[in-house]
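Scroll down for the structure; my scribbles are underneath it.
In our numbering, the protein residues as written are 226 to 307.
Structure follows, in structure tokens:
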């Protein structure tokens, strides 16, 4: 139910980074990693300082895709926010 509300919020206001993060969190937990990465990217484009957890997950997703440099960059960003 929370995922449905987050999706509705993201659709109603595409400029709301927290809604994209919430949809990304739900996708991440469900194993929809590409969708999660896309939603997290949208969230941090809108609010680069959204939170370190988002950047940690982006780093983890980058590493899973084999993008070590992207993972390191995302994790370094997370450290600057924490």
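Idealized CB from N, CA, C, for every residue including glycine.
Count the other CB atoms within 10 Å of the CB of residue i; is the residue buried (16 or more) or exposed (fewer)?
i: residue 233; result: exposed
i: residue 279; result: buried
i: residue 274; result: exposed
i: residue 230; result: exposed
i: residue 216; result: Since the first residue of the chain shown is 226 and the last is 307, residue 216 is not available in this structure.
i: residue 245; result: buried
i: residue 297; result: exposed
i: residue 235; result: buried
i: residue 293; result: exposed
Can you find the residues in the same chain that come closer than 7 Å, C-beta to C-beta, to residue i, ignoring five residues on each side of it along the sequence?
i: residue 299; result: 280, 283, 284 and 287
Quiz item: Are the stretch 255–262 and the stretch 234–241 touching, with three or more C-beta to C-beta distances below 8 Å?
Solution: Contact between the stretch 255–262 and the stretch 234–241 is absent: fewer than three C-beta pairs spanning the two stretches fall below 8 Å.
Self-check item: 4 or more residues per run - each alpha helix (DSSP H) lying fully within the stretch 259–303
Solution: Taken in chain order, the complete alpha helix (DSSP H) segments of 4 residues or longer contained in the stretch 259–303 are 277–289.
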